[in-house]
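Protein chains in written order, with our numbering: chain A, 5 to 206; chain B, 5 to 206. A virtual CB, placed ideally from N, CA and C, is assigned to each residue, including glycine. These numbers were taken from a predicted model, which means no experiment stands behind them.
Put into structure tokens, the structure is as follows:
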């Protein structure tokens with residue numbers, strides 16, 4: 005019992021664990037990797053491919069995308085301009101919490117408005133990598149993985165990005181990948197190269 | 005180049021990284037540790053003390069508390085009943101995302117309503133540990149670390165939990181700690197013991 009108390013005292017820290025402490029434990033820096041692009045451009049596929057490669061290298065990562073956000077944290081948001089802005093605001097805040105926790109957070113949302121993405125960037129500071137997942141609209145529309153373009157063309161979905169709602173392409177992204185030209189593996193390697201150059205991973 | 009491609013192919017996974025994969029990498033299970041109790045009961049202090057002990061043991065952890073939530077994700081919420089509910093709903097969702105990411109998420113909020121806490125529990129499933137940070141109101145009021153009780157007694161804060169707003173104590177918490185009686189170290193060890201029994205840490 006006395007032994008227990010003694011060993012507990014030794015490991016006792018008054019100070020709170022810092023982001024730098026967590027990064028040291030993980031063996032890599034943390035950041036936000038923000039994938040933006042049209043529906044069907046391959047944001048989520050690329051984010052998960054990058055996560056797979058990082059995980060294989062022993063990094064702590066997490067992908068925020070429609071699958072885990074739309075029916076959870078943001079299930080009380082619709083598609084009005086205010087709700088779209090709030091959608092991206094919350095995602096930026098949560099991604100930044102993950103980065104504070106030492107995790108490489110990857111976000112995969114259309115995030116069509118430059119102003120909203122810039123706010124997410126401002127939150128994350130230097131540790132923000134905007135990846136423009138560029139892809140010609142006609143290729144996205146051919147892929148149409150969720151049948152959304154078809155519905156948008158039929159007028160069943162109003163204000164669909166690229167068809168009836170604007171997309172502001174990034175002006176100074178850390179990387180542009182063209183998924184209509186590059187293979188998934190090439191795009192993945194290009195993202196990893198940016199993270200290496202940025203000092204996030206060794 | 006061919007060499008690169010080959011080695012990349014070897015590490016290529018089609019499947020997404022699962023929570024179990026992340027737990028294996030981390031060497032511990034993930035969960036939500038939900039601290040609830042009156043203002044001044046010591047929730048945040050205890051959460052950080054538990055985090056310190058877990059971090060020393062090499063665990064991946066993150067504390068969600070007023071410091072990183074109130075001025076960030078939940079800065080657009082006030083203190084109406086609807087906003088209080090939404091406050092806890094978002095915290096429950098984010099804590100669950102951290103748990104999905106393999107992290108031990110610790111939350112330190114008054115969270116006075118049983119119904120709201122039960123929703124957070126339902127999200128996290130088995131991996132939810134409700135810690136009732138019990139402390140006599142008069143001790144909390146003596147501590148009054150932020151001067152809030154004084155303001156509440158003076159009528160400057162309306163609907164203050166314990167004074168002019170209700171607190172529903174947990175009916176079946178995984179653990180009750182009484183910070184008016186136990187030392188911080190004792191309470192910390194009691195939480196760690198619950199995590200060991202629950203199979204979260206070795």
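{"Asked": "Straight-line Cα distance separating residue 165 (chain A) from residue 113 (chain A)", "Found": "12 Å"}
{"Asked": "Close-in-space but distant-in-sequence residues of the same chain around residue 173 (chain B) (CB under 7 Å, 5 per side omitted)", "Found": "136"}
{"Asked": "Start and end residues, alpha helix (DSSP H) containing residue 98 (chain A)", "Found": "85-104"}
{"Asked": "Nonlocal neighbours in the same chain, by C-beta distance under 7 Å from residue 105 (chain A), ignoring five residues either side", "Found": "26"}
{"Asked": "Distance between beta carbons of residue 84 (chain B) and residue 152 (chain B), contact taken as under 8 Å", "Found": "Incorrect: roughly 18 Å between the Cβ atoms, too far for contact."}
{"Asked": "Min CB distance residue 72 (chain B) to chain A below 9 Å", "Found": "yes"}
{"Asked": "Cβ of residue 105 (chain B) within 9 Å of any chain A Cβ", "Found": "yes"}
{"Asked": "Euclidean distance between Cα positions of residue 54 (chain A) and residue 87 (chain A)", "Found": "29 Å"}
{"Asked": "Local conformation of residue 280 (chain B) per DSSP, three classes", "Found": "Given a span of 5 to 206 for chain B in the structure shown, any question on residue 280 (chain B) remains unanswerable."}
{"Asked": "Euclidean distance between Cα positions of residue 67 (chain B) and residue 52 (chain B)", "Found": "7 Å"}
{"Asked": "Within chain C, the residues that residue 64 (chain A) reaches when beta carbons sit closer than 7 Å", "Found": "Of the chains in the structure shown, none is chain C; the protein chains are A and B."}
{"Asked": "Residue 107 (chain A) (DSSP reduced to helix, strand or coil)", "Found": "coil"}
{"Asked": "Beta-ladder partner(s) of residue 136 (chain A), from DSSP", "Found": "A:40 and A:180"}
{"Asked": "Residue 155 (chain B) versus residue 145 (chain B) - alpha carbon distance", "Found": "11 Å"}
{"Asked": "Residue 179 (chain B) versus residue 61 (chain B) - alpha carbon distance", "Found": "21 Å"}
{"Asked": "Proximal chain B residues relative to residue 98 (chain A), where beta-carbon distance stays under 8 Å", "Found": "77, 98 and 101"}
{"Asked": "Burial state of residue 121 (chain B), where buried means 16 or more other Cβ atoms lie within 10 Å", "Found": "buried"}
{"Asked": "Selected residue, minimal CA-CA separation from residue 99 (chain B), among B:34, B:194, B:205 and B:197", "Found": "B:34"}
{"Asked": "Residue 68 (chain B) at chain A interface by Cβ criterion, 9 Å", "Found": "yes"}
{"Asked": "Where residue 21 (chain B) meets chain A, residues with beta-carbon distance less than 7 Å", "Found": "55, 56 and 59"}
{"Asked": "Extent of the continuous beta strand (DSSP E) to which residue 68 (chain A) belongs", "Found": "65-69"}
{"Asked": "Any C-beta of chain A under 9 Å from that of residue 32 (chain B)", "Found": "no"}
{"Asked": "Nearest-angstrom Cα separation, counted from residue 109 (chain A) out to residue 157 (chain A)", "Found": "34 Å"}
{"Asked": "Proximity test, Cβ basis, 9 Å: residue 50 (chain B) and chain A", "Found": "no"}
{"Asked": "Under 7 Å by beta carbon: chain B residues contacting residue 118 (chain A)", "Found": "Result: empty, since nearest Cβ-Cβ is about 21 Å, beyond 7 Å."}
{"Asked": "Residue interval of the alpha helix (DSSP H) (run including residue 190 (chain B))", "Found": "188-201"}
{"Asked": "Cα-Cα separation between residue 31 (chain A) and residue 63 (chain A), rounded to whole angstroms", "Found": "8 Å"}
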